[in-house]
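> Please read through the structure below; I'll follow up with questions.
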Amino acid sequence: MHVGPTNSGKTHHALRALAAAPTGIYAGPLRLLAHEIWERLNLGQIYARGCNLITGEEVKIVDENARLYSCTVEMIKTNMLYDVAVVDEIQMIGDSERGFAWTEAVLGLNAREIHLCGEETAVPLVEAMLRETNDDLVVNRYERLTPLEVEKQSLGGNLSKIRKGDCIVTFSRRSIFQMKRDVEKTMGVTCATVYGRLPPEVRSEQADLFNDANNGFDILIGSDAIGMGLNLKIRRIIIAQVRKYHDNHVQYLSISSTKQIAGRAGRFGLHGKESPVGLTTTLNEEDLPFLTRTMKLPIPSLKTARITPSNPSLVATASALPPHSAMNTIFLAHAYTSKLAPTYRYIYSGATRVCTNYLDAYIQGVSMTDFEVMLAAPIPWRDREQEAILNEELPQFTRDIQVQGHGALNIHYVHQKSPIVDAIPLLFMHGWPGSFIEVRKILPLLTASSPDYPSFHVVALSLPGYGFSQATKKQGFKTGQHAEVGKRILRTARETKLYLGHTTIYVFW
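Residue 1106 is where the sequence shown starts when you use this note's numbering, and the numbers rise one by one after that.
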């Protein structure tokens, strides 16, 4: 383990070991950080090595034979053997939202040597975990390379007191761009911006603009992403507010987060021959006492590592509950009834609750496996823009269908047209248990244009009572009624012939 405060060189020592290894992987908390390490390795800023990039949003293969990888923690491949693995920000192993990924890295990485970088607070927890696995642990401790001071005065809300080399930290994209407009209007300067969802290429451009003292981008507006190791020439950190929205409520910054953010001031080696004192303060006077007090406090040691429940254990929990129990109920029952070692806790994050509540409201009868696929999908469920993107990938519709003896049922279906006008219409009806998601992987193949095989216009239903389709309230809904639903859906597309398969209905016309 390499542990110490920000700006202590702990990660640099681990990266030197990685660069010297025949094979290895770096895993960090942010795609921006993974991109930065990927760039530094390929440019020879640590040691010139070919390195490929793998994050949840992009894959960049510099060389198919490259033996080094840089990735976000969730993208670690545990089925590969590495000589050296570097896992950054190990203190996030206790995070209620993403901690499971660090736990899986510590316990699941197949590496001869694993370097864990982060805060001292993670040491007792990692020691306890490794006692159970009989792995050897060496702890290297580091001190900060430049001093860090809390200023005695805040800015008092006066943006004209901002000066060259300052970074103002706020916690949402909206507030970042509002602050950028306000500062540029007040100071007559141009500000660079850095935040977590910024594309890596844009982030690199913004960082270069800020780090170059001669191009006029003298002030940086950023989110708490700057606290995760990004190398920026910041002389002073100004915290715009000491409270942020987290897990459905507003709360004060933790001691760890406060020190991570403030510690980015005065980065060693980024100011030429100068060795500046890092400075930090607040934008508003009422927040300064919190910052001053918090910077003096020790960070409490982590007590538990987070893990995710397995599919078999969730299935077992669901089988012990009444039929058709809500997924939210299954997760809660699993968390409260499971027996774990004192060092572990199941994760049930705010994001998981939002997702399960959303899916419980619209999905019925889907298997646990398919439900987990949807739960793990990288979709911000409250983001209507992202919802539109999902609907663009899978064109989805609903229609009220009259079924004899059962009235009108609201039926959900995917309708993907082939670019071939006279393609063969095909109706896909999933088996049990299953869902319309099953067609997702084969949809591009079915609709593609090719001289070697036929193309299809595809309609994939959610069966009544499954997926997003409404369930009947009456008994007697059997194969004939399912066929009637499919037939009526297809009539809207002018179907002509109907063929029945085992658990799938195909329609050609």
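We treat Cβ as the ideally placed atom computed from N, Cα and C, and that holds for glycine. These figures come from a predicted structure and were not determined experimentally.
Would you call P1500 buried or exposed, if buried means 16 or more other Cβ atoms sit within 10 Å of its Cβ?
Stepping through the sequence shown from its first residue, residue 1500 is reached at position 395. Per the 10 Å Cβ criterion, exposed.
> Report the residue from E1224, N1515, L1314 and V1299 whose alpha carbon sits nearest the alpha carbon of S1574.
By one-based count along the sequence shown, residue 1574 stands at place 469. Nearest option by C-alpha distance: N1515.
> Start and end of the alpha helix (DSSP H) containing S1309?
By 1-based counting over the sequence shown, the position of residue 1309 is 204. Residues P1305 to N1316.
> Please go through the same chain and pick out, in chain order, the residues whose beta-carbon is closer than 7 Å to the beta-carbon of E1477, but skip the five residues on each side of it.
Within the sequence shown, numbered from 1, the residue matching residue 1477 stands at position 372. Correct list, in chain order: N1416.
> Are the Cβ atoms of I1198 and T1183 separated by less than 8 Å?
Here residue 1198 corresponds to residue number 93 of the sequence shown, with the count starting at 1. Here residue 1183 corresponds to residue number 78 of the sequence shown, with the count starting at 1. No, they are not a contact pair.
> Return the residue from the list P1304, A1124, S1430 and G1591 that minimises the CA-CA distance to V1164.
On the sequence shown, residue 1164 is found 59 positions in, with the first residue counted as 1. Minimum Cα distance to V1164 is reached at P1304.
> Return the chain-ordered list of same chain residues with a C-beta closer than 6 Å to the C-beta of G1374, the five sequence neighbours on each side being excluded.
In the sequence shown, counting from the first residue as 1, residue 1374 sits at position 269. In this prediction, G1374 has a pLDDT of 49, which is less than 50 and means its spatial position is unreliable; nothing more can be read from the coordinates.
> Between which residues of its own chain and M1180 is the CB-CB distance below 8 Å, once the five residues before and five after are set aside?
Position 75 of the sequence shown, counted from the first residue, corresponds to residue 1180. Taken in chain order, the residues that qualify are A1132, I1159, T1160 and G1161.
> Using the rule of at least 16 other Cβ atoms within 10 Å of the residue's Cβ for burial, across every protein chain shown, is N1319 buried or exposed?
Counting from 1 along the sequence shown, the entry for residue 1319 is found at position 214. Exposed, by the Cβ-count rule.
> Report the three-state DSSP secondary structure of D1527 (helix, strand or coil).
On the sequence shown, residue 1527 is found 422 positions in, with the first residue counted as 1. In this structure, D1527 counts as coil in the three-state DSSP scheme.
> Can you list, in chain order, the residues of its chain with a C-beta nearer than 6 Å to that of Y1453? Leave out the 5 residues immediately preceding and following it.
For this step, residue 1453 is matched to residue 348 along the sequence shown. Counting only Cβ-Cβ distances below 6 Å, and skipping sequence neighbours, we find F1436 and A1440.
> If T1363 and E1256 are in contact, beta carbons under 8 Å, what's the gap, nearest whole angstrom?
Within the sequence shown, numbered from 1, the residue matching residue 1363 stands at position 258. Within the sequence shown, numbered from 1, the residue matching residue 1256 stands at position 151. That pair is no contact at about 15 Å.
> Counting along the chain, where does the alpha helix (DSSP H) carrying T1238 start and finish?
Mapped onto the sequence shown, residue 1238 falls at position 133. T1238 -> alpha helix (DSSP H) spans V1228 to T1238.
> Would you give the residue range spanned by the beta strand (DSSP E) that T1503 belongs to?
Position 398 of the sequence shown, counted from the first residue, corresponds to residue 1503. For T1503, the enclosing beta strand (DSSP E) covers residues Q1501 to V1508.
> Between which two residues does the alpha helix (DSSP H) holding V1288 run?
Translated into the one-based positions of the sequence shown, residue 1288 becomes position 183. Taken as a continuous stretch (DSSP letters only), the alpha helix (DSSP H) holding V1288 covers R1278 to M1292.
> Measuring straight from C-alpha to C-alpha, what distance separates N1245 and K1444?
What you label residue 1245 is simply residue 140 of the sequence shown in a count that begins at 1. What you label residue 1444 is simply residue 339 of the sequence shown in a count that begins at 1. Distance between the alpha carbons of N1245 and K1444 is about 34 Å.
> Can you list, in chain order, the residues of its chain whose CB lies under 6 Å from that of S1201, leaving out five sequence neighbours each side?
Looking up residue 1201 in the sequence shown gives position 96. Around S1201: S1454.
> Buried or exposed: which applies to F1533, given that a residue is buried once 16 or more other Cβ atoms fall within 10 Å of its Cβ?
By one-based count along the sequence shown, residue 1533 stands at place 428. Buried.
> Please name the residue in D1313, S1406, R1458 and T1128 whose C-alpha comes closest to that of K1338.
In the sequence shown, the residue the question calls residue 1338 occupies position 233. Checking every option, the nearest Cα to that of K1338 belongs to D1313.
> On a Cα-Cα basis, can you pick out the residue from L1388, T1111 and H1107 that is closest to I1366?
Looking up residue 1366 in the sequence shown gives position 261. Among L1388, T1111 and H1107, the Cα nearest to that of I1366 is on T1111.
> In three-state terms, what does DSSP make of I1621?
Residue 1621 lies beyond the residue range present for the chain, which begins at 1106 and ends at 1614; the question has no answer from this structure.
> Hey, which unbroken runs of the beta strand (DSSP E) at 3 residues or more fall wholly within the region 1201-1227?
1215-1223
> Could you check the C-alpha separation between P1414 and Y1451 for me, to the nearest Å?
If you number the sequence shown from 1, residue 1414 lands on position 309. If you number the sequence shown from 1, residue 1451 lands on position 346. Approximately 7 Å between the Cα atoms of the pair.
> Count the other CB atoms, across all protein chains shown, that sit within 10 Å of the CB of K1115; report buried if there are 16 or more and exposed otherwise.
The sequence position of residue 1115 within the sequence shown is 10, counting from 1. Flag for K1115 reads buried.
> Can you have a look at F1315 and say buried or exposed, based on whether 16 or more other CB atoms are within 10 angstroms of its CB?
Translated into positions along the sequence shown, residue 1315 becomes position 210. Buried, by the Cβ-count rule.
> Starting from the Cα of H1057, find the closest Cα among R1145, A1124, L1135 and V1294 and give me that residue.
Any answer about residue 1057 is impossible in this case: the structure gives the chain only from 1106 up to 1614.
> What does the Cβ neighbour count give for K1285, buried or exposed, with the cut at 16 atoms within 10 Å?
Taking the sequence shown and counting its residues from 1, the one referred to as residue 1285 is at position 180. Buried, since its Cβ has 16 or more Cβ neighbours within 10 Å.
> Measuring straight from C-alpha to C-alpha, what distance separates S1309 and I1281?
Here residue 1309 is taken as the residue at index 204 of the sequence shown, counted from 1. Here residue 1281 is taken as the residue at index 176 of the sequence shown, counted from 1. About 17 Å.
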